[in-house]
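Residue numbers (our numbering): 33 to 484.
Quick look at the structure:
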C-alpha cells in the first residue's frame with residue numbers, strides 16, 4: 033500500500049484514497065482558522081481534527097514512561113506492539129518504536145482514528161516478517177480487564193444498547209470497587225490504572241511486574257477466580273457458587289450490600305415490571321412461596337421494587353434447610369445484579385490488543401481518560417472532554433495571542449492549557465509511582481548480582 037513502511041501488515045476492507053493522498057499536507061498541520069466552530073472541530077471525518085489532537089494534546093511522553101517503566105528506552109517499549117486503526121477500514125499491526133519521539137512522528141504521519149496496545153515480544157514487532165517464527169513470541173503484557181455497559185442491558189432500566197447515563201454508570205462503580213479490592217487484596221497488585229473507554233465502559237490495566245509476566249494459563253486462572261456472572265441472555269440464573277462462600281465473595285457482598293438497595297431497588301427499580309420480577313421468582317427455591325408472591329405482585333402492579341424485595345425476604349420456613357436455601361438465593365440475587373460483569377476473553381491472553389488511554393472514541397468524540405477507583409462514584413462520563421472541546425480551547429487560546437506550543441513530545445503547552453490537564457496530571461502521578469518502583473527494582477537486582 034502506498035505510503036506505508038514495508039514491515040507493517042495492513043488489512044483493508046474496501047478501496048479508498050491512498051494514505052499519501054489523504055494526508056498529503058500532514059507535514060504542515062495547522063489549527064483551524066478564526067471561523068472554526070465546535071461543530072467543525074468535532075468532525076472526526078476531517079483528518080485535521082485528529083491530526084491536531086495528536087500534535088498538540090496527546091501525552092506521548094507520559095504514555096512512553098507508563099509502558100517503559102523508566103526514562104531510558106527498554107525492551108518493554110521498543111519490543112511493544114502498537115496497532116493502528118486508520119480511516120477506510122485500514123488496520124496496521126506490528127508497529128514498534130525506539131522512543132516516544134519516533135512513535136509520535138509515526139502516529140502523526142498515519143493519523144489513526146485510534147491505536148491499540150499489544151504485548152512485548154521477543155523481537156521487535158516491526159521486524160516480524162524477517163524473524164523466524166519461534167523467535168517472535170509474546171513475553172510480557174499488562175493484565176487487562178474490560179467492563180462494558182451493554183452486559184448490563186438485561187438489568188439496567190434507564191438506558192439500553194450504546195446509550196449510557198450517570199445513573200447506569202453506578203453499575204460500573206460497583207464493578208470497579210469490587211474488582212479493585214480483589215486485585216489488590218487477593219493477588220497483591222498495586223499498580224492499577226482505570227481508563228474510561230469513551231462511551232459506555234471502563235478498562236483496567238494492571239502494570240505490576242508480576243502481572244506483566246503472567247502466562248496465558250495464569251491469566252485464565254485469575255479470570256476463573258474472578259468470574260461469577262455466567263450464562264447468556266436466555267439463562268435466568270447466572271450465579272452458581274458453592275457454599276460456604278469463598279472469603280472473596282463474602283468481602284464482595286459486604287461492599288455490594290451498600291449499593292444493592294440504592295442502585296438496584298430504588299434508582300433502577302429493577303423488579304417493577306412483570307418481565308423483571310418473574311425472572312427472580314423463577315429462581316426462588318421455595319416454589320409455593322414463589323406462587324404466592326406471583327399472585328401478590330400481579331395484584332399490585334404499581335408496587336416499587338423495594339417493596340417487592342421486602343416480600344421476597346419474608347419466608348415461613350419450618351426447617352433449617354429451607355432457610356439456608358433462601359439465604360443462598362438472596363445472596364445470589366444480590367451478586368447477579370451488582371457483581372462485576374467482565375469480558376473474559378480480553379483478559380485471558382498475552383497477545384490481546386486494547387485501546388490506548390487518551391485515544392478518542394469514534395462514536396462520542398470523548399477522550400479515553402484515566403481515573404482512580406476512589407473517583408469512580410463521582411465520575412461523570414458526560415463531563416469528559418471531547419476532541420472538539422479541546423481543540424476549541426486551543427483555538428481560543430491562539431486567538432487571544434497565547435502559545436499553543438511547537439508540538440514536540442516534551443511540549444506541555446497543548447494539553448496543559450485545556451480541560452485535559454487534570455487527567456494527564458493524574459496519569460503522570462500514577463506513572464511516577466510505577467517508574468520509582470521500576471528504578472528501585474533494578475537497583476535491587478543490580479545489588480544482588482554484585483553480591484553473587
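Ideal placement from N, C-alpha and C gives every residue a C-beta, glycine not left out.
Look at the Cβ atom of residue i, then the Cβ atom of residue j, and state whether they are nearer than 8 Å.
i: residue 125; j: residue 152; result: no
i: residue 375; j: residue 248; result: no
i: residue 105; j: residue 131; result: yes
i: residue 70; j: residue 395; result: no
i: residue 229; j: residue 393; result: yes
i: residue 149; j: residue 302; result: no
i: residue 402; j: residue 201; result: no
i: residue 193; j: residue 235; result: no
i: residue 238; j: residue 339; result: no
i: residue 144; j: residue 117; result: yes
i: residue 207; j: residue 333; result: no
i: residue 335; j: residue 329; result: yes
i: residue 224; j: residue 430; result: no
i: residue 343; j: residue 304; result: no
Using CA atoms only, rank isn't needed, just tell me which of the options is closest to residue i.
i: residue 88; options: 67, 140, 145; result: 140
i: residue 203; options: 220, 233, 282; result: 233
i: residue 457; options: 214, 347, 332, 390; result: 390
i: residue 243; options: 221, 252, 235, 262; result: 221
i: residue 407; options: 454, 162, 67, 175; result: 454
i: residue 254; options: 296, 227, 176, 272; result: 176
i: residue 497; options: 98, 115, 117, 116; result: Because the chain is modelled from 33 through 484, residue 497 falls outside the range shown and cannot be assessed.
i: residue 133; options: 145, 310, 120, 90; result: 90
i: residue 29; options: 184, 183, 259; result: Residue coverage of the chain in this structure runs from 33 to 484, which leaves residue 29 outside it and unanswerable.
i: residue 356; options: 471, 277, 73, 281; result: 277
i: residue 189; options: 129, 298, 209; result: 298
i: residue 210; options: 135, 281, 138; result: 281
i: residue 114; options: 432, 388, 471, 336; result: 388
i: residue 231; options: 399, 464, 68; result: 399
i: residue 257; options: 354, 218, 159, 294; result: 218
i: residue 96; options: 293, 346, 129; result: 129
i: residue 264; options: 119, 464, 135, 185; result: 185
Excluding sequence positions up to five away, which residues of its chain have a Cβ less than 7 Å from the Cβ of residue i?
i: residue 313; result: 322, 325, 326
i: residue 205; result: 408, 409
i: residue 262; result: 270
i: residue 470; result: 101, 102
i: residue 212; result: 224, 405
i: residue 447; result: 89, 91, 453, 456
If you drop the 5 nearest sequence neighbours on each side, which residues of the same chain put their C-beta closer than 6 Å to that of residue i?
i: residue 59; result: Residue placement at residue 59 is poorly supported in this model, since its pLDDT is 45, which falls under 50; the coordinates are not used for a value here.
i: residue 428; result: none
i: residue 296; result: 302, 369
i: residue 54; result: Residue confidence is low: residue 54 scores 37 on pLDDT, short of 50, so the model does not pin down where it sits. No coordinate-derived value is stated.
i: residue 459; result: 94, 402
i: residue 73; result: 420, 423, 424
i: residue 311; result: 268
How would you call residue i, buried or exposed, if buried means at least 16 neighbouring beta carbons within 10 angstroms?
i: residue 94; result: buried
i: residue 245; result: exposed
i: residue 425; result: buried
i: residue 417; result: buried
i: residue 350; result: exposed
i: residue 363; result: buried
i: residue 449; result: buried
i: residue 240; result: buried
i: residue 468; result: exposed
i: residue 164; result: exposed
i: residue 290; result: exposed
i: residue 300; result: buried
i: residue 266; result: exposed
i: residue 466; result: buried
i: residue 348; result: exposed
i: residue 433; result: exposed
i: residue 397; result: buried
i: residue 31; result: The chain is shown from 33 up to 484; residue 31 falls before or after that span and cannot be answered.
Suppose the cutoff is 8 Å on Cβ atoms and the five residues either side in sequence are ignored; what does the same chain contact list for residue i look like?
i: residue 198; result: 412, 413, 414
i: residue 252; result: 380
i: residue 361; result: 315, 316, 317
i: residue 82; result: 76, 143, 144, 145, 392, 419
i: residue 100; result: 106, 108, 109
i: residue 155; result: 111, 163, 167, 168
i: residue 378; result: 176, 177, 178, 384, 386
query: When the Cβ atoms of the segment 276-296 are set against those of the segment 168-178, are three or more pairs found closer than 8 Å?
result: no
query: Are the segment 363-383 and the segment 267-284 touching by the rule of at least three beta carbon pairs closer than 8 Å?
result: yes
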